[in-house]
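The structure under discussion appears below in the form of structure tokens.
Chains as they are written, first to last, in the UniProt record's numbering: chain B, 1 to 71; chain E, 1 to 704.
Okay, here's the thing in structure tokens:
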């Protein structure tokens, strides 16, 4: 399952990424494998989304979230 | 007297780096450019001890040394290139204590470049409040550098930081971070030999980024050859490095940081977000805030603007009364003073707009606007990040186009740059207000809303719609070079830092006055000369003609004669000739040759419109110098028809022309600077001019 499938309030743990280039940016921002993420909310129009990770709030588009594989 | 210590401030975005910079340097700072590139360079000076001065450079905020945007690329360029004029003797890494691990990633990269480093732990008071306990001494011992807890917001720890800077040795003391040799040892070894360094990480970074550093261009081929032999894959190595660094940071931070009160800090911020980014209310609140800002720009600025206008009118009147009449006085008063007035009058609006922008950014709301607007903006070929440059363009396209550097995707950035000048900037405001007061009656709709204000808002809406439509078209024309990103931190809501707000107001107004001022004064003077002089044979003929009439008439009619004479002189002046030359082209838009002159000068800067009108009508006014420019334009008559010149059709057509046309040299220059090619500013000028002409033509032909 990937991160963009979660509903607000749901959590998961990052396992891997399906896009190398995107993974660099995401990891620099603290989205590391093993890190717990929680979906906070979606923007009023349903995209992008705000997640809580590594102790802060990050927003990203759904297609960016879809490269993050979670369990 | 010791030499001036060069310091670079480095840190993640939203760490309070700029606040610290302002605190350290006070008003003693300037904005320049990094050599060869166009990123603004903020440099300030600070007295560390009575006899130790420091030059501090505020580098753009970044999450890592691997740049994702043009702005971020500067950081490595400055830190890695010893020949860069900003290359520091000491780096101060500013880290947010409430999110230490992520902030230390950048620290660990910077530290491995082996320049002397100090770690400034900002927001320590917030961290304490949130239950995060950091053992500063232990952290300092583990990292091998001085760690200074500060709070830039409440002005704490500054003395200690200055002391730490003064104490620093010229030799780097930090412990090495993660070992890079396991990642690409063989390639690193070759680069070390190539550039003559013994620093592994510096060598690795050069492999990644040598093409961005000017002083390594001669070795370009050698670098590429090393990359080929070792099958160097940049993204893969960056990913591996990031993981290795975080692993290393975990061992550093164990026993150093203790988080007792988990997630307490987000409660308030979450509640605010639940309202401000609400599915239903979110956009209403944004619209309401925009309306409030606009209303403030117009109503709050009205009083100081009137004051400025009256002061300049008074100055001109007093000048004409007391100074000896002559060419020099005329040039000073009708050229320079009129031009100056045209600039100074913008200050209240610019200051108010930037006060709001800086408050909205500071509180964290702007990030939410970006978040909410991204999906819509993307439909039009823009990104959520385009919102800030677009809103900023309401003040001025020049800083906004520069602020588009934060947009990581090349295509999004180009489209934002291409359409930003369509958004009505503050320089159009006086054009609109002047014309609206001429053509729209002072009536109220439903008894409350002024028809004039409504028209003004309509002009802004037209400009925004036009920008979106053009962006949508460009989405299909411009080919993307890389993927568009929207991975962004949403900072916790905070109270604005009023000192920063004031500082932004001051800085933006100052930049405007000096940058735009130079152009406008020059135009005013040139224009005055062009409008006052003409081919000498024609001017002599006019003088002669009026001298003859004058000798035949009685003195009572001399004043009207004077006026006729100066009108005829203006028509035959160089400016008049220019205006007449383009008249056939602009006639279908409803413009006469006098407006033609204003159009010509406005191609340098649209601010010049009101000034040009003032100059033309002052010159035209002859002896009769009283009355505002508005009164003079109201009575202006179309020479061809004898009817009032500024009819609804002409006024509206003129407003549309100013809304769409690229009448700003500074914008053209900044687009060239930002895109590094004449192609983009030329396309932009062409499409905007065509759009302006067609819109005005249609409007005038329908309305006349």
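Each residue gets a CB set at the ideal place from its N, CA and C atoms; glycine is no exception.
Would you call the segment 337-348 of chain E and the segment 519-528 of chain E in contact, with 3 or more CB pairs under 8 Å?
Taking 8 Å as the limit for Cβ pairs, the verdict is that the segment 519-528 of chain E does touch the segment 337-348 of chain E.
Between the segment 8-15 of chain E and the segment 91-101 of chain E, do at least 3 Cβ pairs fall closer than 8 Å?
Touching, yes.
In chain order, what residues of the same chain lie with their CB nearer than 8 Å to the CB of residue 685 of chain E, ignoring the 5 residues before and after it?
Within the same chain, residue 685 of chain E has close Cβ partners 662, 668.
Could you list which residues in chain E have their beta carbon closer than 8 Å to that of residue 10 of chain B, in chain order?
In chain order: nothing, as chain E lies at least about 16 Å away.
According to DSSP, is residue 149 of chain E helix, strand or coil?
Note: residue 149 of chain E maps to strand in three-state DSSP.
Can you tell me whether residue 477 of chain E is buried or exposed? The criterion is at least 16 other CB atoms within 10 Å of its CB, across all chains shown.
Label assigned to residue 477 of chain E: exposed.
With distances taken between CB atoms, is the gap from residue 27 of chain B to residue 19 of chain E smaller than 8 Å?
No, these two residues do not count as a Cβ contact at 8 Å.
For residue 60 of chain B, go through chain E and note every residue whose CB falls closer than 7 Å to its CB, in chain order.
Result: 486, 487.
What residues of chain B sit near residue 63 of chain E, judged by a beta carbon separation below 7 Å?
Result: 28, 29.
Below 7 Å on C-beta distance, what does residue 20 of chain B contact in chain D?
Among the chains of the structure shown, chain D does not appear; the protein chains present are B and E.
Around the C-beta of residue 626 of chain E, are 16 or more other C-beta atoms found within 10 angstroms, so that it is buried, or is it exposed?
Bear in mind that a pLDDT of 48 at residue 626 of chain E, under 50, signals an unreliable position, so the number given afterwards is only what the model happens to contain. Under this definition residue 626 of chain E is an exposed residue.
Beta carbon of residue 423 of chain E, beta carbon of residue 467 of chain E: below 8 Å?
Against a cut-off of 8 Å, the Cβ pair of residue 467 of chain E and residue 423 of chain E comes out as a contact.
Does residue 29 of chain E come out as helix, strand or coil in the three-state DSSP assignment?
Reduced to three states, the DSSP call for residue 29 of chain E is strand.
As a quick exercise: from E/54, E/53, E/72, E/208, pick the residue whose alpha carbon is nearest that of residue 61 of chain E.
If we check each option's Cα against that of residue 61 of chain E, E/72 comes out closest.
Spatial neighbours of residue 704 of chain E within its chain, please: CB distance less than 7 Å, with the 5 preceding and 5 following residues excluded, ordered by chain position.
Cβ neighbours of residue 704 of chain E beyond the five flanking positions: 590, 649.
Return no unless some Cβ of chain B is closer than 8 Å to the Cβ of residue 279 of chain E.
Output row for residue 279 of chain E: interface = yes.
Would you list the one or two residues that DSSP bridges to residue 28 of chain B?
For residue 28 of chain B, which the question treats as bridged, DSSP gives no partner whatsoever.
Could you compute how far the alpha carbon of residue 227 of chain E sits from the alpha carbon of residue 81 of chain E?
Whole-angstrom Cα-Cα distance: 20 Å.
At a Cβ threshold of 8 Å, is residue 15 of chain E touching chain B?
Closer than 8 Å: no.
Classify residue 43 of chain B as buried or exposed, calling it buried when 16 or more other Cβ atoms lie within 10 Å of its own Cβ.
Buried: at least 16 other Cβ atoms inside 10 Å.
Is it the case that the segment 168-179 of chain E contacts the segment 138-145 of chain E, given that we only count it when at least three CB pairs across the two stretches are under 8 Å?
The segment 138-145 of chain E is in contact with the segment 168-179 of chain E.
In this structure, how does DSSP classify residue 202 of chain E when only helix, strand and coil are distinguished?
DSSP places residue 202 of chain E in helix when its eight states are reduced to three.
State yes or no: is the C-beta of residue 292 of chain E nearer than 7 Å to some heavy atom of the ligand GDP?
This structure lacks the ligand GDP; in fact it carries no ligand of any kind.
According to the Cβ coordinates, are residue 51 of chain B and residue 2 of chain B closer than 8 Å?
No, they are not a contact pair.
Might you give, ordered along the chain, the residues of its own chain that have their beta carbon closer than 6 Å to the beta carbon of residue 6 of chain E, omitting 5 neighbours on each side?
Within the same chain, residue 6 of chain E has close Cβ partners 55, 88, 89.
Would you list, in chain order, the members of the segment 84-109 of chain E that have their beta-carbon closer than 8 Å to a beta-carbon of chain B?
Per Cβ criterion, the list reads 98, 99, 101, 102, 105.
Can you tell me the Cβ-Cβ gap for residue 561 of chain E and residue 549 of chain E, rounded? I've got them flagged as a contact below 8 Å.
Right, the Cβ-Cβ distance comes to about 6 Å (below 8 Å), so this counts as a contact.
At 9 Å on the CB atoms, spell out the chain B contacts of residue 341 of chain E, in chain order.
Within chain B, no residue comes near residue 341 of chain E; the closest Cβ sits about 45 Å away, beyond 9 Å.
Cα separation between residue 410 of chain E and residue 343 of chain E?
C-alpha separation (whole angstroms): 34 Å.
What residue range does the alpha helix (DSSP H) around residue 167 of chain E cover?
Counting along the chain, the alpha helix (DSSP H) containing residue 167 of chain E begins and ends at 158-167.
Which residues bound the alpha helix (DSSP H) around residue 686 of chain E?
Looking at the DSSP string, the run of the alpha helix (DSSP H) that includes residue 686 of chain E is 679-703.
Give every residue of the same chain whose Cβ lies closer than 8 Å to the Cβ of residue 438 of chain E, excluding the five residues on either side of it in the sequence, and list them in chain order.
Closer than 8 Å at Cβ, skipping near neighbours: 630, 633, 634, 646, 651.
Please name the residue, chosen from E/583, E/551, E/544, E/552, that lies closest to residue 569 of chain E on a Cα-to-Cα basis.
The residue with the shortest Cα to Cα distance from residue 569 of chain E is E/544.
What does the Cβ neighbour count give for residue 324 of chain E, buried or exposed, with the cut at 16 atoms within 10 Å?
Residue 324 of chain E is exposed by the Cβ-count criterion.
Measuring CB to CB, does residue 62 of chain B end up less than 8 Å from residue 47 of chain B?
Yes, they are a contact pair.
When you compare each of E/290, E/365, E/283 to residue 270 of chain E by their alpha carbons, which one comes out closest?
The residue with the shortest Cα to Cα distance from residue 270 of chain E is E/365.
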